[in-house]
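Visitor: Sharing a structure with you now.
4 protein chains.
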Amino acid sequence: MALDAEKEAEIETLRASTATTRRATVPALEELLYKPLPVLDQGFVRVIDYMGDDAAIVQAARVSYGKGTKQVSNDRGLINYLIRHRHTSPFEMCEIKLHVKLPIFVARQWIRHRTANVNEYSARYSVLDREFYVPDQEFVRLQKVERKAATQQASLFGEAAPAAPQVTAAQSTTNKQGREELLERDAAAQVLRDINGISNRSFTTYEKLLGDEERPGIARELARMVLPLNAYTQWYWKVDLHNLLHFLALRADSHAQYEIRAYADVLMDVLQRWVPLTAAAFEEYRLGASTLSARAIEVLRRRLKGEAVSRQDSGLSAGEWRELEAVFPELGGL
Amino acid sequence: MALDAEKEAEIETLRASTATTRRATVPALEELLYKPLPVLDQGFVRVIDYMGDDAAIVQAARVSYGKGTKQVSNDRGLINYLIRHRHTSPFEMCEIKLHVKLPIFVARQWIRHRTANVNEYSARYSVLDREFYVPDQEFVRLQKVERKAATQQASLFGEAAPAAPQVTAAQSTTNKQGREELLERDAAAQVLRDINGISNRSFTTYEKLLGDEERPGIARELARMVLPLNAYTQWYWKVDLHNLLHFLALRADSHAQYEIRAYADVLMDVLQRWVPLTAAAFEEYRLGASTLSARAIEVLRRRLKGEAVSRQDSGLSAGEWRELEAVFPELGGL
Amino acid sequence: MALDAEKEAEIETLRASTATTRRATVPALEELLYKPLPVLDQGFVRVIDYMGDDAAIVQAARVSYGKGTKQVSNDRGLINYLIRHRHTSPFEMCEIKLHVKLPIFVARQWIRHRTANVNEYSARYSVLDREFYVPDQEFVRLQKVERKAATQQASLFGEAAPAAPQVTAAQSTTNKQGREELLERDAAAQVLRDINGISNRSFTTYEKLLGDEERPGIARELARMVLPLNAYTQWYWKVDLHNLLHFLALRADSHAQYEIRAYADVLMDVLQRWVPLTAAAFEEYRLGASTLSARAIEVLRRRLKGEAVSRQDSGLSAGEWRELEAVFPELGGL
Amino acid sequence: MALDAEKEAEIETLRASTATTRRATVPALEELLYKPLPVLDQGFVRVIDYMGDDAAIVQAARVSYGKGTKQVSNDRGLINYLIRHRHTSPFEMCEIKLHVKLPIFVARQWIRHRTANVNEYSARYSVLDREFYVPDQEFVRLQKVERKAATQQASLFGEAAPAAPQVTAAQSTTNKQGREELLERDAAAQVLRDINGISNRSFTTYEKLLGDEERPGIARELARMVLPLNAYTQWYWKVDLHNLLHFLALRADSHAQYEIRAYADVLMDVLQRWVPLTAAAFEEYRLGASTLSARAIEVLRRRLKGEAVSRQDSGLSAGEWRELEAVFPELGGL
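Quick mapping for you: the protein sequence lines, in order, are chains A, B, C and D. Residue numbering for the first sequence follows the working numbering, starting at 329 and increasing by one per position. Residue numbering for the second sequence follows the working numbering, starting at 329 and increasing by one per position. Residue numbering for the third sequence follows the working numbering, starting at 329 and increasing by one per position. Residue numbering for the fourth sequence follows the working numbering, starting at 329 and increasing by one per position.
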């Protein structure tokens, strides 16, 4: 990810100009304002603006005239309480605005989060640069395993896999022989050559279709149809803190596709700088938490009483039992 | 809750006229279409229309050309999977439309669920009938306890209670002396007389402000300002199944205020008729489920290994420990 | 609207503390940050925070690395273009957060705008102060006229008036005898006494129901049901600029109820300080604009060609013709 | 657009099974339920389900116990009134669910309408068929003109074109020499060969990356990144009538890209079958309507008074003047 000199200069100009404000301000986040934070091979996240901080959440929760509570320890207690009990509206009172450069297939997943504001760079009116995502070779070597797992899962439902984001990885993590099934280094290199080759050829056709001073072309909005899904696009994305947490709960998760997770991971860092109390509560009560079904609770209660419980008499499906064991490895022990 | 003859007749006309359709149809729900289902003293819920059924969820999840899967057992398995893994979009593919009559203070809680369509009877243009909610005497007797609990909770945050729906009841359930603190029967009767008295007086002033053929009055939109919050209003409310489940998860909960819970309870019955597989999954994986924080999981794991764990060395707050014990009474046992 | 000394002090503390920021900053808006701007007899609007400015809209529209365009005149041109062609997403990139104190019946209209974030002061957990709205006497004198107009409109639809916000005023503005039908000064004074009397009595019952140290009471969440709709509530309300403009287009309009318009008028001033280019475009292309139907366009075209056009051969309904004449008084002239 | 025999059979099974319902039913729409309505070369729209009809809008607007009004003429009057005065909530009370097959670049525009429910066929778990969109040759010949116009527009803003959907076509309609600048028939044929060639090659690489029984491949979610934007995808899309009208106002417009307009045109036909009164009102008061700015109104008023008005003394920009003349060709006449 390297920007040309003109863009670098524009960013430096923005970073250099400061103002005095009465608004809630977060120095740790100011530090990286406007800077491109690299993601994948050519993508980035830039924090453009933000509204509010941890204290603003407390202030809104209490509909107060001044700041939140008098002490940080009180703020922490209330934020923990709010996260724990899923009182979402105070978190909606903070907002962040990002400039993101990302492959189109990632953008297609990302935009499914509808409770956000988006302004995308338009390939109807502008020409896209020859920039596309090519995965890392080591990462590609791990892919075969995942594919097998996906196929396996599909059979659960008789025909095709459900339109379900978490299926693949959920399986692959339980696939003990994963390591042995790595793609050969040569095969992985070939994959990269294939991706590179077809992506370049697609861009070449795109440029040809656009025409030039010598040769007439077709409209940009039409020519773009030959671009590949790994072409990079850009957008401004603005979201409130509650919906950002929801995005992160789904996308910073091990079941998310690697490429969008890479963006979510960078956003986790941004979160920690911006609202450290909320970030800590989020990790304790959401990311690190687990939801147990009525039957799973029953299983644990029986085990706590000292009873032996088997999968068969638990009422849980094989998948549920596996997920429960992943959280409580002690379960099988009795 | 009694409707006048004209309205009864309108409803009967609607119920009597049927048509042939190719759409997904649910006989158990058709049975009660348009009928007012009584709630509180004068309120109701009427199911006006619905779209989809359990099979339609599967059909959408699979983006299929025909129905869902071939067998109900497959539909059940997929629906359980979708609810369990919080794949919400297939549930958004079903929709229900209700006509609800409810006290204004309940309407004010209800409307906080923004992801729904609402058309409310307008007191700007129409005159409201003299109808207001008066609680049941036995119910009023239980109230004092809750108030004490709320005050107690408030002190956690130093000054005022947080804008937090679940506080009161969460506390009151742990208040062991509850029973002894019932309001005297006489005091409760006085409460009802007070509510009745002021509500009637407010409606009388409202009617006076409106004027009549003899005496000029002021605009309806202005006169309504003296109406009490227990006056009944009405609306059409349309929501998709995913957002209905979210509404029910919050409002069919013991922490919700009694009056809105009364509506949620009726809607739970509607849910069971409409989408029985989804209703069952919802009870297993949401209503009957519990979310454990990272530290709570640690506590349980230590106990499963046979270690003694006290509140003090658990890292949990008093409130968290109490909530964990409510789910796992065996916890304290060691 | 007078705040107690403690709140004044909290506000002063907030206003006194400033920080340095790299974010887009608007000095004209900073000036009134946190200050209560009075509305009605006891209400207010306080600007708590904001994100973005006119340049940020351009910056988002262009998905740019630096600021918007190089020159203000270019920014103005683009903003006019965006408003004119209803490109809404760039305006969603600015956000404002307000603390509002308002009568409950106004809050009930306001919350119908669902695309915003709200945190309301909770009468479930807190006791409301004895504060209620009483209109101005001169304003009350004008009310009778409006009511007549509303009744008249209702008959258009055979039975009751539609649930339609603009009906009343639309009519009243065309009601030429309005002036003569003012409420007598004495009658208006009586109206105020009635509103004051019943509101005070409702609060007295409310306080009685709550109980005190001597006498047991009922839960706050239950006691509040006797409060009148003119009681003041408070909330934090956060909205993006696009949705704020939509709110203003509906509520700063002459058809809106006077009380919510009073808030909209204050927000128009805030808008002009915050994003002056957008505010100007909004007045030119939305507030001052008019949408003509296909048939209304036909009428104007015929008149431009010099033809005489009567209501009868225009194809317009009486209401449409009246609205067209209101915009083009010259129409009838031929 | 041809479906295989299995899918045809599934659809026939659905169409053959009917039920009795008390719900509002629209025979004209029932007729085409589940049938694929062809769009572009391989796409389709299938109506899967619907809720409500014209009468249901009236019923909701009046929060009534029975049907809407007694007579169709009253329903028509109220629906016209509601559309004209932008009372949107009654239209939100109807809902439609579609199964759509569409090129990915169209899906990317479509999904910008956030107020809808979507379930897309997942290329993370399923393999996409070799189906991609290739435009019609005559259509391609018209493209060059549009591109030139876009470039021209861009210069208005100094650097790049704004992210503005309507720019291109707005310009091209005023470009009088359009006809002469058609692409040569040979050049157009070459464009099609290029699109076909690269699309096929992309799918071949995709299939290679997936591997087969002999050769290991990579995960589907990763392999899909080489697919072109003209590959066909599918989704279930559910939307309420108000938001469908908003979609159609933007996408059935001459400024929309041809390919999404093709879908909007089919949906206009669906609309007319489903809610004929609403469809007529929509054409009269939205599609055929025009919004005039404050200054444009001033221009017309002056002309109606017989004054001469030139672009220069109108206060309108060149673009605004051109747009006003497009609606009122008589304007220049004086």
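Cβ atoms here follow ideal geometry from the backbone N, Cα and C, with glycine treated the same way. Bear in mind the structure is a predicted one, so any value in this text is a computation, not a measurement.
With a Cβ-Cβ cutoff of 8 Å, do V462 (chain C) and I523 (chain C) count as a contact?
Guide: As a first step, residue 462 (chain C) must be located in the third sequence, where it is residue number 134. As a first step, residue 523 (chain C) must be located in the third sequence, where it is residue number 195. The answer is yes: Cβ separation under 8 Å.
Visitor: List, in order along the chain, the chain D residues whose C-beta lies closer than 8 Å to that of G380 (chain B)?
Guide: Reading the second sequence from its first residue, position 52 is the one you call residue 380 (chain B). The contacting residues are D377 and K425.
Visitor: For Q585 (chain C), count neighbouring Cβ atoms within 10 angstroms of its own Cβ and tell me buried if that reaches 16, exposed if not.
Guide: Working through the third sequence from its first residue, we reach residue 585 (chain C) at position 257. When all chains shown are included, Q585 (chain C) counts as buried.
Visitor: Anything in chain B within Cβ reach of Q562 (chain D), meaning under 8 Å, just list it in chain order.
Guide: Working through the fourth sequence from its first residue, we reach residue 562 (chain D) at position 234. Per Cβ cutoff of 8 Å: V391.
Visitor: Buried or exposed: where does K425 (chain B) fall if 16 or more other Cβ atoms within 10 Å of its Cβ makes it buried?
Guide: Translated into positions along the second sequence, residue 425 (chain B) becomes position 97. That one is buried.
Visitor: Quick check: the Cα distance between R350 (chain D) and E338 (chain D), rounded to an integer number of angstroms?
Guide: One-based indexing of the fourth sequence puts residue 350 (chain D) at position 22. One-based indexing of the fourth sequence puts residue 338 (chain D) at position 10. If you take the alpha carbons of R350 (chain D) and E338 (chain D), they lie about 26 Å apart.
Visitor: Can you give me the Cβ contacts of A646 (chain D) inside the same chain, cut-off strictly under 8 Å, excluding the 5 residues immediately before and after it?
Guide: The residue you call residue 646 (chain D) lines up with position 318 of the fourth sequence. Cβ neighbours of A646 (chain D) beyond the five flanking positions: R639.
Visitor: Suppose you measure from the CA of V637 (chain C) to the CA of A636 (chain D); what does that come to, to the nearest Å?
Guide: Counting from 1 along the third sequence, the entry for residue 637 (chain C) is found at position 309. Counting from 1 along the fourth sequence, the entry for residue 636 (chain D) is found at position 308. Cα-Cα distance, rounded: 21 Å.
Visitor: Which of the three DSSP states is assigned to D369 (chain C) in this structure?
Guide: Sequence index remark: in the third sequence, residue 369 (chain C) carries index 41 (1-based). Three-state DSSP puts D369 (chain C) in coil, outside helix and strand.
Visitor: For a contact meaning CB atoms closer than 7 Å, what does A515 (chain D) contact in chain A?
Guide: Looking up residue 515 (chain D) in the fourth sequence gives position 187. P544, listed in chain order.
Visitor: Can you give the Cα-Cα distance for R629 (chain D) and S582 (chain D), rounded to whole angstroms?
Guide: For this step, residue 629 (chain D) is matched to residue 301 along the fourth sequence. For this step, residue 582 (chain D) is matched to residue 254 along the fourth sequence. C-alpha separation (whole angstroms): 28 Å.
Visitor: To which residues of the same chain is A517 (chain D) closer than 7 Å at the C-beta, ignoring the five residues directly before and after it?
Guide: Indexing the fourth sequence from 1 puts residue 517 (chain D) at position 189. Cβ neighbours of A517 (chain D) beyond the five flanking positions: Q465.
Visitor: Indicate whether E587 (chain A) and L365 (chain A) have their beta-carbon atoms separated by less than 8 Å.
Guide: Stepping through the first sequence from its first residue, residue 587 (chain A) is reached at position 259. Stepping through the first sequence from its first residue, residue 365 (chain A) is reached at position 37. Not a contact, by the Cβ cut-off of 8 Å.
Visitor: So, helix, strand or coil for P431 (chain D), using DSSP?
Guide: Locating residue 431 (chain D) in the fourth sequence gives position 103, counting from the first residue. Looking at P431 (chain D) - three-state DSSP - the assignment turns out to be strand.
Visitor: Determine the DSSP secondary structure at A347 (chain A), reduced to helix, strand or coil.
Guide: Translated into the one-based positions of the first sequence, residue 347 (chain A) becomes position 19. Of the three classes helix, strand and coil, the one that applies to A347 (chain A) here is strand, per DSSP.
Visitor: Considering only C-alpha positions, which residue in the set C:L615, C:S530 and C:D381 is nearest to P418 (chain C)?
Guide: For the purposes of this step, residue 418 (chain C) is identified with residue 90 of the third sequence, where counting begins at 1. P418 (chain C) has its Cα closest to that of C:D381, out of C:L615, C:S530 and C:D381.
Visitor: What would DSSP say about N558 (chain B), mapped onto helix, strand or coil?
Guide: Position 230 of the second sequence, counting from 1, holds the residue named residue 558 (chain B). N558 (chain B): coil per DSSP, three-state reduction.
Visitor: Please classify F467 (chain B) as buried or exposed, where buried requires at least 16 other C-beta atoms within 10 Å of its C-beta.
Guide: Here residue 467 (chain B) is taken as the residue at index 139 of the second sequence, counted from 1. So F467 (chain B) counts as exposed.
Visitor: Who does Q563 (chain A) pair with in a DSSP beta bridge?
Guide: Here residue 563 (chain A) refers to the residue found at position 235 when the first sequence is read from its first residue. Checking the sequence shown, residue 563 (chain A) turns out to be Trp, not Gln. Bridge partners of W563 (chain A): A:V428 and A:E448.
Visitor: Provide the residue span of the beta strand (DSSP E) that contains S417 (chain A), from first to last.
Guide: For the purposes of this step, residue 417 (chain A) is taken as the residue at position 89 of the first sequence. Segment: none, S417 (chain A) is in no beta strand (DSSP E) and carries neither H nor E.
Visitor: In the DSSP assignment, what are the bridge partners of F460 (chain D)?
Guide: Mapped onto the fourth sequence, residue 460 (chain D) falls at position 132. DSSP lists D:A559 as partners of F460 (chain D).
Visitor: Counting only Cβ pairs nearer than 8 Å, list the residues of chain C close to Y534 (chain A).
Guide: Counting from 1 along the first sequence, the entry for residue 534 (chain A) is found at position 206. Simply none; closest approach about 19 Å.
Visitor: By the 7 Å beta-carbon criterion, what residues does the segment 547 to 560 of chain D contribute toward chain A?
Guide: From the segment 547 to 560 of chain D, only A547, R548, E549, L550, R552, M553, V554, L555, P556, L557 and N558 have a Cβ closer than 7 Å to chain A.
Visitor: Cα separation between T561 (chain B) and S621 (chain D)?
Guide: Counting from one through the second sequence, the residue named residue 561 (chain B) turns up at place 233. Counting from one through the fourth sequence, the residue named residue 621 (chain D) turns up at place 293. Taking the straight line from one Cα to the other gives about 39 Å.
Visitor: Just reading off the beta strand (DSSP E) that T619 (chain A) is part of, what are its end residues?
Guide: On the first sequence, position 291 is the one that residue 619 (chain A) refers to. Note, T619 (chain A): beta strand (DSSP E), S618 to L620.
Visitor: Can V375 (chain B) and D403 (chain B) be called in contact, C-beta distance under 8 Å?
Guide: In the second sequence, the residue the question calls residue 375 (chain B) occupies position 47. In the second sequence, the residue the question calls residue 403 (chain B) occupies position 75. For V375 (chain B) and D403 (chain B), no; Cβs fall outside 8 Å.
Visitor: Given this structure, state the Cα-to-Cα distance separating S454 (chain C) from R548 (chain C), to the nearest angstrom.
Guide: Along the third sequence, read from residue 1 onward, the residue named residue 454 (chain C) stands at position 126. Along the third sequence, read from residue 1 onward, the residue named residue 548 (chain C) stands at position 220. Straight-line Cα distance between these residues: approximately 7 Å.
Visitor: Closer than 7 Å by beta-carbon distance: list the chain F residues that pair up with A617 (chain C), in chain order.
Guide: Here the protein chains are A, B, C and D, and chain F is not one of them.
Visitor: When you compare the CB positions of A617 (chain C) and L644 (chain C), do they come within less than 8 Å of one another, or not?
Guide: Locating residue 617 (chain C) in the third sequence gives position 289, counting from the first residue. Locating residue 644 (chain C) in the third sequence gives position 316, counting from the first residue. Their beta carbons are not under 8 Å apart, which means A617 (chain C) does not touch L644 (chain C) by this criterion.
Visitor: Taking Cβ-Cβ distances shorter than 8 Å, what residues in chain D pair up with I625 (chain C)?
Guide: As a working mapping, residue 625 (chain C) is identified with position 297 in the third sequence. Residues of chain D passing the Cβ test: G616, A617, S618, V655 and F656.
Visitor: Among C:W563, C:L595, C:V554 and C:A559, whose alpha-carbon lies nearest the alpha-carbon of L573 (chain C)?
Guide: Counting from one through the third sequence, the residue named residue 573 (chain C) turns up at place 245. Closest option to L573 (chain C), Cα to Cα, is C:L595.
Visitor: If V591 (chain C) sits next to M421 (chain A), beta carbons under 8 Å apart, how far is it from one beta carbon to the other, in whole angstroms?
Guide: In the third sequence, the residue the question calls residue 591 (chain C) occupies position 263. In the first sequence, the residue the question calls residue 421 (chain A) occupies position 93. Rather than Val, the amino acid found at residue 591 (chain C) in this sequence is Tyr. Going by Cβ atoms, the distance from Y591 (chain C) to M421 (chain A) rounds to 19 Å, so no, they are not a contact pair.
Visitor: To the nearest angstrom, how far is it from the Cα of E336 (chain D) to the Cα of G371 (chain D)?
Guide: As a first step, residue 336 (chain D) is located in the fourth sequence; it is residue number 8 there, counting from the start. As a first step, residue 371 (chain D) is located in the fourth sequence; it is residue number 43 there, counting from the start. In a straight line, the C-alpha of E336 (chain D) is about 15 Å away from that of G371 (chain D).
Visitor: Using DSSP with H/G/I as helix, E/B as strand and the rest coil, what is Q374 (chain C)?
Guide: Here residue 374 (chain C) refers to the residue found at position 46 when the third sequence is read from its first residue. First, the amino acid is wrong: residue 374 (chain C) is Arg here, not Gln. If DSSP states are grouped into helix, strand and coil, R374 (chain C) belongs with the strands.
Visitor: Cα separation between Q399 (chain A) and G405 (chain A)?
Guide: Position 71 of the first sequence, counting from 1, holds the residue named residue 399 (chain A). Position 77 of the first sequence, counting from 1, holds the residue named residue 405 (chain A). Q399 (chain A) and G405 (chain A): Cα-Cα distance of roughly 10 Å.
Visitor: Which residues share a DSSP beta bridge with E334 (chain C)?
Guide: As a first step, residue 334 (chain C) must be located in the third sequence, where it is residue number 6. BP columns for E334 (chain C) are empty, so no partner.
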